[in-house]
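In the numbering used here, the protein residues as written are 770 to 1115.
Spelled out as structure tokens, the structure:
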């Protein structure tokens, strides 16, 4: 069996802050990494990594929208050959001279709210004679069919979360249309009664949509994995498109190893990513403790028992990506001593 662990933000994004690892015992993870060879790569977001892993070429964007529509779509709403783009609800706030974006990892939006917001927007654009229809196929994942507009270059939502967006708005030949739509939606949602209710409850207003992940359905996908384990809609949709086995991420590796485990497995451990992006140091440390207990410790035990032909851990970060790889023989190399986790983070 081969195991590939994909762990975004395994290392805290500020390498000049080694004290983040103080009093954070991670013996199993440190033992695993000690047996591995390490290769550095270019930084990349999870969506870009997944698209590349499934053989998808970048269009103007990584075509996330038509891919996730395979999962989110209905009997009457299918990707077909149309150009689709995500238009996810976001919270925008002014911070100094920037507009900073927050995504649904830090707020809740109910199906009823999503339906009311999009019905309001759709009514406005229909009255204005515009063929712009927001489809809230999931409360926090909205879509636009945009076949009559030219493709546009955008930034992944994960790239802009907790970032100033002034320089990250749509660009390219058709960017004027999308920037205008972005501004119009923001003005329409600003004083919506639902947002007054949300703010009265102490919840962030839904005062914008972020356009991203536009494209058409890729014609060919390839996959080297036989099983994909994740709670991420993109990886699940890619597995579905490839006809690969996909299942939700089990609570821990102890449960995971009860399943038939022959083949090549991709396991996406995404708990750290949002906490690192939103600078939640406490939450990130606690999530890393849980990963140590629930995943790294059982996997280290399985490695010592010779359960893996090869294990790879890909740590995606803002500054670099790192691939740690060990084969069966590497786990017998007792002379490879453990090092503190902070030594890998620079």
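All C-beta atoms, glycine included, are put in the ideal place defined by N, C-alpha and C. These numbers were taken from a predicted model, which means no experiment stands behind them.
With the rule of 3 Cβ pairs closer than 8 angstroms, the region 828-835 counts as touching the region 910-923.
Judged by DSSP in its simplified three-state form, residue 867 adopts strand.
Within the region 829-884, the complete alpha helix (DSSP H) segments at least 4 residues long are 833-841, listed from N- to C-terminus.
DSSP, reduced to helix, strand and coil, places residue 1099 within a helical segment of the structure shown.
Here the alpha carbon of residue 939 sits roughly 41 angstroms from the alpha carbon of residue 1079. Annotation: the region 977-1057 contains the following complete segments of the alpha helix (DSSP H) (minimum length 4 residues), in chain order: 1002-1011, 1022-1025, 1040-1046. Residue 773 and residue 998 have their C-alpha atoms spaced approximately 10 angstroms apart. When secondary structure is reduced to three states using DSSP, residue 974 falls in the coil class, being assigned neither helix nor strand. A direct Cα-Cα distance of roughly 43 angstroms separates residue 1061 from residue 947. For residue 807, the enclosing beta strand (DSSP E) has its first and last residue at 806-810. Counting along the chain, residue 899 sits inside no beta strand (DSSP E), nor does DSSP assign it H or E at all. Scanning its chain for C-beta atoms nearer than 6 angstroms, with the 5 sequence neighbours on each side dropped, one finds around residue 1034 the residues 772, 996, in chain order. Distance between residue 936 and residue 816, taken at the CA atoms: about 21 angstroms.
A direct Cα-to-Cα measurement between residue 845 and residue 1114 gives close to 48 angstroms. By the neighbour-count definition (other C-beta atoms within 10 Å, threshold 16), residue 1024 is an exposed residue. In this structure, the straight-line span from the alpha carbon of residue 929 to that of residue 1036 is close to 25 angstroms.
Per the C-alpha coordinates, the member of 977, 878, 985, 960 positioned closest to residue 918 is 985. The Cβ atoms of residue 812 and residue 1076 lie no closer than 8 angstroms to each other. DSSP places residue 777 in the uninterrupted beta strand (DSSP E) bounded by 771-777. Residue 798 and residue 1065 have their C-alpha atoms roughly 6 angstroms apart. Under the criterion of beta carbons closer than 8 angstroms, residue 800 and residue 1107 qualify as touching, at roughly 6 angstroms. Under the Cβ criterion (8 angstroms, minimum of three pairs), the region 945-961 counts as touching the region 884-891.
Looking at the DSSP output, residue 1093 shares a beta bridge with 807, 1082. Note that the region 1009-1021 does not touch the region 1043-1055; fewer than 3 beta-carbon pairs, one per stretch, sit closer than 8 angstroms. Between residue 1085 and residue 818, the C-beta gap is smaller than 8 angstroms, which places the two residues in contact. A Cβ-Cβ separation of about 6 angstroms places residue 1031 in contact with residue 770 under the 8 angstroms criterion. When the Cα atoms are used, residue 893 and residue 942 turn out to be separated by approximately 26 angstroms. Shown here, residue 1073 sits in a helix according to DSSP, grouped into three states. Separation of the CB atoms of residue 1092 and residue 1081 is rounded to 6 angstroms, and the pair is thereby assigned contact status at 8 angstroms.
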